[in-house]
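Enquirer: Numbering (this note's numbering), first residue to last: 993 to 1379.
Note that beta-carbon positions come from the ideal geometry of N, C-alpha and C, so glycine has one too.
All of these numbers come straight from a predicted model, not from anything done at the bench.
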Amino acid sequence: MARTSGDPSILRQLNSAAALRALMEAPGALTVAQLGSVIGVTRPPAERIVNELIAGSWAEEEPPTAARQVGRPARRYRFRADAGHVIGIDIGAHKTLAAAADLRGDVRAERRAPLDPEMGAAARLAAARDNALACLQSAGLAPDGLLAAGIGTSGVIDERGQVALCSILPEWTGLDLTATAGEFLPGVPVLVENDVRLGALAEHWRGAAQGAEDVILLHAGRRLSAGLLLGGRPRRGSHGAAGEIGHLSYLNWMHSFERFADYREGEHGPAAGAEPAARVFAALRDGDRQAGYLVDAFARELADGLAAMVLAVDPEIVVIGGGLSRAGELLAGPVRRHLAAHCLFPPEVAVSGLGDEAVALGAVRLAADGVKERLLTGPLRPAPALG
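#1: Considering Val1184, what are the terminal residues of the beta strand (DSSP E) in which it resides?
#2: Alpha carbon to alpha carbon, how far is Arg1004 from Ile1041? Give it in angstroms, no decimals.
#3: Distance, Cα to Cα, Leu1372 vs Thr1088?
#4: Nearest CA to the CA of Arg1198: which residue from Pro1065, Leu1138, Ala1300 and Glu1349?
#5: Based on the DSSP secondary-structure assignment, which residues constitute the bridge partners of Gly1219?
#6: Taking the alpha-carbon positions, what's the Leu1027 to Thr1034 distance?
#7: Does the structure place the stretch 1275 to 1284 close enough to the stretch 1207 to 1217 that three or more beta carbon pairs sit under 8 Å?
#8: Would a C-beta distance cut-off of 7 Å place Asn1123 and Ala1140 closer than the cut-off?
#9: List the residues that DSSP assigns as beta-bridge partners of Phe1071.
#10: Excluding the 5 residues flanking His1196 on each side, which residues of the same chain have their C-beta closer than 7 Å to its C-beta?
#11: Residues in its own chain within less than 6 Å of Ser1009 by CB, not counting five upstream and five downstream?
#12: For Ala1342 and chain D, any beta-carbon pair shorter than 7 Å?
#13: By Cβ distance below 8 Å, which residues in the same chain neighbour Leu1012 in space, the five residues on each side in sequence not counted?
#14: Going by beta-carbon coordinates alone, are Val1327 and Ala1291 separated by less than 7 Å?
#15: Candidates Gly1219, Pro1109, Ser1001 and Ser1317: which alpha carbon is nearest Gly1297's?
#16: If the criterion is Cβ atoms closer than 7 Å, does the pair Arg1227 and Ala1234 meet it?
#17: So, using beta-carbon positions, are Leu1358 and Leu1128 closer together than 7 Å?
#18: CB Ala1115 to CB Ile1143, shorter than 7 Å?
#19: Between Val1310, Leu1006 and Val1180, which lies nearest to Pro1037 when the distance is taken from Cα to Cα?
#20: Please classify Ile1041: does DSSP put it in a helix, a strand, or coil?
#21: So the candidates are Gly1153, Gly1084, Cys1158 and Asp1288; which of them puts its Cα closest to the Cα of Phe1238?
#22: Tell me where the beta strand (DSSP E) around Ile1160 begins and ends.
#23: Since Leu1358 is in the alpha helix (DSSP H), which residue starts that stretch and which ends it?
#24: Could you pull out every residue in the same chain whose Cβ sits closer than 7 Å to the Cβ of Gly1345, ignoring the five residues on either side in sequence?
#25: Where do the ends of the beta strand (DSSP E) carrying Pro1106 lie?
#26: What does a CB cutoff of less than 7 Å around Pro1109 pick up in its chain, not counting 5 residues either side in sequence?
#27: Is DSSP giving Glu1340 helix, strand or coil here?
#28: Can you tell me whether Pro1056 is buried or exposed? The criterion is at least 16 other CB atoms within 10 Å of its CB, across all chains shown.
This is how it looks when you write it as structure tokens:
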């Protein structure tokens, strides 16, 4: 983007930000000429900007490859993803999972810990804190060296990072997660978002919804919930409650999972002793009619709720995540069939491949996006390694 008039210091800042954006978003390294063309400046200012970014540890020269060693190949430069780090934290009812990553989202360390659904808020927070700090230690990172933290959790999250409402974890309602996380991550910007919405963000970034702009993620597990991405960005709504269609009592989403407990099988049947849903899907694989009926009824209830969202936003894809995504086409197939009966233009229905790491990965992306926004909209300071 060419800058030809105005305060020279502001123009330098804008051009530096444009160059940093170009390097961050480029699929590969760029030459000075390519960078100058992208941001609309001539070679001398492009060289100055590159040198400043290198001095600040935000860029580096790409080592020459064998193919580039013939003659005098142009030097190529790339963004230093390891110039800073972020952490993504998933705090759920049954587990907490933390992932420490560089600024491109490449995970350096991951750590998880089980949680008891009945534990109180203080104990849940302490377990999440200890797990996150252990993750950072595994990655060789100090908490005060992080550039941002992203947190995903159940419930309606307001714009301040407070839990406005949480039916799954009632003691969570009213909790200020931004402030609480700040106590063990002092000085680190903390971003908090609904877990299903972050799962949708992860699917768009590195999962089944890559390349799609309008996405619905259906979390199918012990609880049922949905998250929206519109234009590739999480849709929060005016109160942070977008996608909370499960609160419509006539959909029966609050109790749909319980129907699996109605399944009865022989003592030595498939997956005997497993949890109810696992038993049902195992029996369905073996052709059990009762299991097929239960899964079909469950899929119909899912589709009844999804159809309202699909008709409202016309997404390209619905991704099934959560624990029941492990059932694959055994669940996706009937959901797809029932959904098609309701929709003018049925979307693709796919199963998540990210598993239970989706929320933490989405939290990493949320944190990395927050860092990117700060870097590109404010004065560019040296990376933490030189700070």
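Expert: Quick answer:
#1: Taken as a continuous stretch (DSSP letters only), the beta strand (DSSP E) holding Val1184 covers Val1182 to Asn1186.
#2: Rounded to whole angstroms, the gap between the alpha carbons of Ile1041 and Arg1004 is 8 Å.
#3: Approximately 34 Å between the Cα atoms of the pair.
#4: Closest option to Arg1198, Cα to Cα, is Glu1349.
#5: Gly1219 is bridged to Leu1209.
#6: Leu1027 and Thr1034 have their C-alpha atoms roughly 9 Å apart.
#7: Touching, no.
#8: No, Cβ-Cβ distance for Asn1123 and Ala1140 is not below 7 Å.
#9: For Phe1071, which the question treats as bridged, DSSP gives the partners Ala1051.
#10: Only Gln1202, Ala1204, Val1207, Leu1221 and Gly1224 meet the Cβ criterion.
#11: It is Ala, not Ser, that sits at residue 1009 in the sequence shown. Contacts found: Leu1368.
#12: The structure shown has no chain D; it contains just one protein chain.
#13: Closer than 8 Å at Cβ, skipping near neighbours: Leu1045, Trp1050, Ala1051, Phe1071, Leu1367, Leu1368 and Leu1372.
#14: In terms of Cβ geometry, Val1327 and Ala1291 form a close pair [threshold 7 Å].
#15: Nearest to Gly1297 by alpha-carbon distance, out of Gly1219, Pro1109, Ser1001 and Ser1317, is Gly1219.
#16: A contact, by the Cβ cut-off of 7 Å.
#17: Remark: C-beta atoms of Leu1358 and Leu1128 do not approach each other more closely than 7 Å.
#18: No, Cβ-Cβ distance for Ala1115 and Ile1143 is not below 7 Å.
#19: Looking at the Cα atoms, Leu1006 is the closest of the given residues.
#20: Helix.
#21: The residue you asked about is not Phe; residue 1238 is Gly in the sequence shown. Cα-wise, what sits closest to Gly1238 is Cys1158.
#22: Taken as a continuous stretch (DSSP letters only), Ile1160 belongs to no beta strand (DSSP E), as it is neither H nor E.
#23: Start and end: Ala1350 to Thr1369.
#24: Within its own chain, the residues whose Cβ lies closer than 7 Å to the Cβ of Gly1345, once the five positions on either side in sequence are excluded, are Gly1199 and Ala1200, listed in chain order.
#25: Val1099 to Pro1106 is the span of the beta strand (DSSP E), which, as asked, contains Pro1106.
#26: Cβ contact annotation for Pro1109 (same chain, cutoff 7 Å, sequence separation greater than five): Ala1085 and His1086, in chain order.
#27: In the structure shown, the three-state DSSP call for Glu1340 is strand.
#28: Flag for Pro1056 reads exposed.
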